[in-house]
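**Q** My structure is below; once you've seen it, I'll send some questions.
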Amino acid sequence: MTAENIIGKSVPRKEGRDKVTGAARYIDDMSLPGMLYGATVRSQIPRGVIKKISFDPQFDWSDFVTVTAKDIPGKNCIALIGDDQPCLAEGMVNHPEEPILLLAHANPRLVRKAVDAVLIEYEPLPPVFTIEESERCSHVIWGADNIFKTFLIAKGDLDGIWSKADYIVEGEYFTGAQEQLYIENNGVIAAFDAEQGITLWGSLQCPYYIHKALMALCGLPEDKVRVVQMETGGAFGGKEDYPSIIAGHASLLAMKAGRPVKIIYDRLEDMTATTKRHPSRTRHRTAVGKDGKILGGEIDFTIDGGAYATLSSVVLSRGTIHAGGPYYWPSVRILSKAVATSTPPHGAFRGFGAPQSLFAMERHMDRIAQAVGLSPVEIRRRNFLQPSQSTTTEQTIREEIDLGKLLDRALELSDYTAKKARFAQENIASPIKKGIGIAAFLHGAGFTGSGERYLASVVGVEGCADGGVSVLASSTEFGQGTNTVLCQIAAEALNLPYEDVRITQPDTNQVPNSGPTVASRTAMIVGNLVRSAALGIRQTLIAEGILGASYSPAEFRAACRKHMSEHGELRSFARYQAPEGVFWDDQKYRGEAYAAFGWAVYVAEVAVDLSTYSARVEDFVALQEVGRVLHPVLAQGQIAGGVAQGIGFALYEKVVWQNGRMQNGQMTNYIMPTSADLPQIRVFFEEMGNIHGAYGAKGIGELPMDGPAPAIVNAIEDALGTRFDSIPLLPEDIFEAVSAAGER
Amino acid sequence: MSESSNHRDKCEVSLTVNGEPKTVRVYPMERLLDVLRHELGLTGSKEGCGEGECGSCSVLMNGQLVNSCLIPALQVAGANLTTIEGVAEGPQLSALQAAFLEAGGAQCGICTPGMILSASHLLHKKPNPTLDDIREGLSGNLCRCTGYMQIFDAVMRAARRGNSA
Chain E
3 MTAENIIGKS
13 VPRKEGRDKV
23 TGAARYIDDM
33 SLPGMLYGAT
43 VRSQIPRGVI
53 KKISFDPQFD
63 WSDFVTVTAK
73 DIPGKNCIAL
83 IGDDQPCLAE
93 GMVNHPEEPI
103 LLLAHANPRL
113 VRKAVDAVLI
123 EYEPLPPVFT
133 IEESERCSHV
143 IWGADNIFKT
153 FLIAKGDLDG
163 IWSKADYIVE
173 GEYFTGAQEQ
183 LYIENNGVIA
193 AFDAEQGITL
203 WGSLQCPYYI
213 HKALMALCGL
223 PEDKVRVVQM
233 ETGGAFGGKE
243 DYPSIIAGHA
253 SLLAMKAGRP
263 VKIIYDRLED
273 MTATTKRHPS
283 RTRHRTAVGK
293 DGKILGGEID
303 FTIDGGAYAT
313 LSSVVLSRGT
323 IHAGGPYYWP
333 SVRILSKAVA
343 TSTPPHGAFR
353 GFGAPQSLFA
363 MERHMDRIAQ
373 AVGLSPVEIR
383 RRNFLQPSQS
393 TTTEQTIREE
403 IDLGKLLDRA
413 LELSDYTAKK
423 ARFAQENIAS
433 PIKKGIGIAA
443 FLHGAGFTGS
453 GERYLASVVG
463 VEGCADGGVS
473 VLASSTEFGQ
483 GTNTVLCQIA
493 AEALNLPYED
503 VRITQPDTNQ
513 VPNSGPTVAS
523 RTAMIVGNLV
533 RSAALGIRQT
543 LIAEGILGAS
553 YSPAEFRAAC
563 RKHMSEHGEL
573 RSFARYQAPE
583 GVFWDDQKYR
593 GEAYAAFGWA
603 VYVAEVAVDL
613 STYSARVEDF
623 VALQEVGRVL
633 HPVLAQGQIA
643 GGVAQGIGFA
653 LYEKVVWQNG
663 RMQNGQMTNY
673 IMPTSADLPQ
683 IRVFFEEMGN
693 IHGAYGAKGI
703 GELPMDGPAP
713 AIVNAIEDAL
723 GTRFDSIPLL
733 PEDIFEAVSA
743 AGER
Chain B
-15 MSESSNHRDK
-5 CEVSLTVNGE
5 PKTVRVYPME
15 RLLDVLRHEL
25 GLTGSKEGCG
35 EGECGSCSVL
45 MNGQLVNSCL
55 IPALQVAGAN
65 LTTIEGVAEG
75 PQLSALQAAF
85 LEAGGAQCGI
95 CTPGMILSAS
105 HLLHKKPNPT
115 LDDIREGLSG
125 NLCRCTGYMQ
135 IFDAVMRAAR
145 RGNSA
């Protein structure tokens, strides 16, 4: 395969063969000589003072390694943004399942039994479980006021708007916690020796996050911490921040034991102790003219961060910036905050705050349509952002996006108009009520605001002895196709066959820091750096006079081999540089929030059976504009997978809380969609070039998580005529709302 | 691993795995999944939930699809097992494996071994499955990445090529 048809072609996934033969090596497939198995003793209560830790005298504690906060050589914290989360609780616990003490033993069965033989006595303190309780501040559990972070976006003159409004539409919307539910649980192996320091292998998204966290925790210099990513069995954000914790635990045990330590969570521990999507509450108050145009509005967006700050400030940031949806707001005031509760910290999950605030926005658009007396289609069409208009952060849209056209195509693909009319007719006599709903939305690609500038990511490309090249990046593969897409980009840049390009396993001793694999940034930001680094290799060979300006793959391989044999290595690195003229004000939260946006219109068709009150999605159209599609099969897979998670978010996945602890932490009682539950998810792309990304690509990974829930709930409301403001909507929730509406 | 496995002595169990006769010394109630992974070094079978919900540990036992996390070692005495390691013929991928690769049926890959064995079992029973047959047939194997669409496509492609392995 030659270069000109690599971008846009569905080449085989780089690590695909190993995955279909079972040869791919995940963390639990690895073991080291003399390895011990670690386990975690966790808090049984939501909040309190640890009075006493004792060890059951009946239990044989010989050959056990025990670690408490006192054994921590460095700082007892998980270094991330703030340093408020301890690695091991010291004196006080702030949420159920908080790690207190670590155990390791050569026998994995014994170590699990030993966990129950550690007895902890507490003096309970009053916990806080909801956003409302946290806001009331009757118990202050974090800082001075239970607030981790607030943002304010203010645009235009909002105060003058209300008197001019023909309609003022209010609404309050809620989304629940959601478990990432990667099929491979969290797991790591740590090894320590005085010479090399810590080596950590694991299932993870961000090798350099862990590198930073282990340096602080273990008190080790940069060159004494090495982090290696194993094949990773799904992540979805759930392996962005949490792996720093389990990696810290295994490292502490390995340092004390002087032997390698493996910690693999079982499903129950993974679900009850690790992060989930932040629950949210969004309030809208919108001033609308009689033509249906939004004049301005107030949006109050609040998320539940759990017991420690962790990533909540950045999740909140993205949710806040996306709260206004793909619409033009002449004036707006968006106030947002992340509050503390006595639950395990909520964390990153695909979409990162945007699915929450966009659920509210897209439900609210249907509410505005009803108030004004326009259709859900027309209300959106009249308010869509147009090129040269500005977003809520006053970012001018420079892309040639035409959302009206996107909407028209989605309506056509879903046969929206005919179906809507037909369902209204057929529903009259049928016990199965059908409905159809729309969601229009956007998703910013890359880190917010000045984030990419601070990250200053670096990517390398190096020559190999056989004349091929290898990509050096800390960007990880966990199903999305990182390996494949980055190799495609290097192959295209160098005019090489795809087979001549490989990617080096992410290992902090081998690869530069290309930033975390999050925020839909890999294809767009890292991809561009791969391209620059690859072009650097070509320039080197040409400048040396061993490669002509135009060359065949065989000539490149020969030149690369020649350079390698003479110099031993051939490497080129590229560092991120912010595009010129991009302005972002971190204080006022104003300016260019993202280098590019993905845009989408989704249409969901649902059927609600009034004998069971279960809602089923019967057809789903996902149409998006994500710039150039680099690999159609991978791109389709990203969208269909995200839509399936969005359907779960809307209709299936409910975390049942009791005293701050998840009660249904198993796959038997926390239900994700199976193959029998999903409709045909029909995926379509509009392609439009993007000036920032590699070969015109924009971000894609998170976008499909944003739209399904509001489209589905809008469809359910269309089917039943009952108002729904909260997800997830399980049959009992639908029954309750319908019954309540009947009584009114 | 079952708690009760501590309380009894290990015993010898003979079985056939991917066509090869094997004898292992294991606790009678040890999970087949652990026997495969730890005793036989066949780490292609994965643990996702440990309670028979996710299907990542699916293997074929005497031609039947089972969750190896639910099968005690004693029960496999004399059985004929196929794991993911036994699906390809040497370097040659089976039609299903090749179709998974082409169609995007494997993303993170952790459910893939179980999914391929489940699909293989389905195609043995129904060489020309409808889409509904596939939806139903694979509903015991959870995939969090793909939304299943490309897995359906992979199974359809393999069926069209008439090779169910």
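As given, the protein sequences belong to chains E and B, one line each in that order.
Whatever position you read off the first sequence (first residue = 1), add 2 for this note's numbering.
Numbering follows this note's numbering, with no gaps: position 1 of the second sequence is -15.
For each residue, glycine too, the CB sits at the ideal point set by N, CA and C.
In this text, all values refer to a predicted model and were calculated from it rather than measured experimentally.
(1) Does DSSP put E:A642 in a helix, in a strand, or in coil?
(2) Can you check DSSP and say which residues form a bridge with B:L(-1)?
(3) Does the Cβ-Cβ distance between E:A340 and E:K151 come in under 8 Å?
(4) So, using beta-carbon positions, are B:K6 and B:L24 closer together than 8 Å?
(5) Select from the stretch 269 to 287 of chain E all residues with a C-beta closer than 7 Å to any C-beta belonging to chain B, and list them in chain order.
(6) Grab me the residues of B:R145's own chain with a C-beta within less than 6 Å of its C-beta, minus the 5 sequence neighbours each way, in chain order.
(7) Output the boundary residues of the alpha helix (DSSP H) element that contains E:E688.
(8) Distance, Cα to Cα, E:F57 vs E:V43?
(9) Closest by CA to E:L104, which one among E:G178, E:S45, E:A167 and E:Y578?
(10) Could you name the residues of the same chain whose beta carbon sits closer than 6 Å to that of E:L219, not counting the 5 residues immediately before and after it, in chain order?
(11) On a Cα-Cα basis, can you pick out the residue from E:F558, E:E233, E:G24 and E:A721 that is closest to E:A426?
(12) Given this structure, state the Cα-to-Cα distance separating B:T96 from E:T23, to the nearest angstrom.
(13) Under 8 Å between C-beta atoms, does B:P97 make it to chain E?
(14) Beta-carbon of E:S677 versus every beta-carbon of chain B: anything under 8 Å?
(15) Under 8 Å, CB to CB, which of the residues in the stretch 383 to 396 of chain E have a partner in chain B?
(16) Could you give the distance in angstroms between the alpha-carbon of E:I293 and the alpha-carbon of E:Y330?
(17) Using beta carbons (cut-off 8 Å, strictly below), is E:E233 in contact with chain B?
(18) Checking the sheet assignment: what are the DSSP bridge partners for E:S392?
(19) Would E:A256 and E:A309 be called neighbours here (beta carbons separated by less than 8 Å)?
(20) When burial is assigned at 16 or more other CB atoms within 10 Å of the CB, is E:M511 buried or exposed?
(21) To which residues does DSSP link E:I55 through a beta bridge?
(22) Pull up the CB-CB distance for B:Q91 and E:G639, whole angstroms please, since I reckon it's below 8 Å.
(23) Using a Cβ-Cβ distance under 8 Å, would B:A142 count as near chain E?
(24) When you compare only the Cα positions, how much space is there between B:S148 and E:D272?
(25) From the DSSP output, in three-state form, read off E:P101 for me.
(26) Tell me the DSSP secondary structure of E:T152 in three-state form.
(27) Mind pulling the alpha helix (DSSP H) runs of 4 or more residues that sit fully within the stretch 63 to 113 of chain E?
(28) Kindly list the residues whose CB is nearer than 8 Å to the CB of E:V520, restricted to its own chain and excluding five residues on each side of it in sequence; keep chain order.
(29) Please report the straight-line C-alpha distance between B:V1 and B:N125, rounded to a whole angstrom.
(30) Compare the Cα-Cα distances from B:Q48 to each of B:G89, B:T130, B:L107 and B:V139 and report the closest residue.
(31) Assuming contact is defined by CB atoms lying nearer than 8 Å, are E:H633 and E:T486 in contact in what I supplied?
(32) To the nearest angstrom, report how far apart B:L(-1) and E:P14 are at their CA atoms.
(33) Since E:R279 and E:A179 should fall inside the 8 Å C-beta cutoff, what is the C-beta to C-beta distance between them, to a whole number of angstroms?
(34) Identify each residue in the stretch 37 to 61 of chain B for which the Cβ-Cβ distance to at least one residue of chain E is less than 7 Å, and report them in chain order.
(35) What would DSSP say about B:I118, mapped onto helix, strand or coil?
(36) Can you check DSSP and say which residues form a bridge with E:M664?
**A** Inspection of the coordinates gives the following:
(1) Reduced to three states, the DSSP call for E:A642 is helix.
(2) Bridge partners of B:L(-1): B:K6.
(3) Taking 8 Å as the cut-off, the Cβ atoms of E:A340 and E:K151 count as close.
(4) Contact flag set, yes.
(5) Flagged, chain order: R269.
(6) Closer than 6 Å at the Cβ level, and outside the excluded window around B:R145, lie A79.
(7) First-last for E:E688: I683 to E688, but that is the beta strand (DSSP E), not the alpha helix (DSSP H).
(8) Approximately 12 Å between the Cα atoms of the pair.
(9) It is E:S45.
(10) If the five residues before and after E:L219 are omitted, its C-beta is found closer than 6 Å to the C-beta atoms of G76, C89 and G250, all from its own chain and listed in chain order.
(11) The residue with the shortest Cα to Cα distance from E:A426 is E:A721.
(12) Approximately 9 Å between the Cα atoms of the pair.
(13) Yes, B:P97 lies at the interface with chain E (some Cβ there is under 8 Å from its Cβ).
(14) Taking a beta-carbon distance threshold of 8 Å, E:S677 counts as an interface residue toward chain B.
(15) Under the 8 Å Cβ criterion, the stretch 383 to 396 of chain E contributes no residue.
(16) At residue 293 of chain E the sequence reads Asp, which differs from the Ile that was named. So the two alpha carbons sit approximately 14 Å from each other.
(17) Yes, E:E233 counts as interfacial toward chain B.
(18) E:T398.
(19) No. Outside cutoff.
(20) The sequence shown places Asn at residue 511 of chain E, not Met. Result: exposed.
(21) Partner residues in the beta bridge of E:I55, as assigned by DSSP, are E:I122.
(22) About 6 Å; that satisfies the 8 Å criterion.
(23) B:A142 does not count as touching chain E.
(24) Here the model assigns B:S148 a pLDDT of 49, short of 50, so the residue's position is not dependable and the matter cannot be decided.
(25) Reduced to three states, the DSSP call for E:P101 is strand.
(26) Three-state result, E:T152: strand.
(27) Segments of the alpha helix (DSSP H) lying fully in the stretch 63 to 113 of chain E: there are none.
(28) The residues are Q207, C208, G239, E242, A350 and F354.
(29) Approximately 22 Å between the Cα atoms of the pair.
(30) Of the listed residues, the one whose Cα sits closest to B:Q48 is B:L107.
(31) Taking 8 Å as the cut-off, the Cβ atoms of E:H633 and E:T486 count as close.
(32) If I take the Cα positions, the gap works out to 36 Å.
(33) Between E:A179 and E:R279 the Cβ distance is about 6 Å, and since that is below 8 Å, they are a contact.
(34) Within the stretch 37 to 61 of chain B, the qualifying residues are E37, C38 and S40.
(35) Helix.
(36) The partner list for E:M664 (beta bridge, DSSP) reads E:W659.
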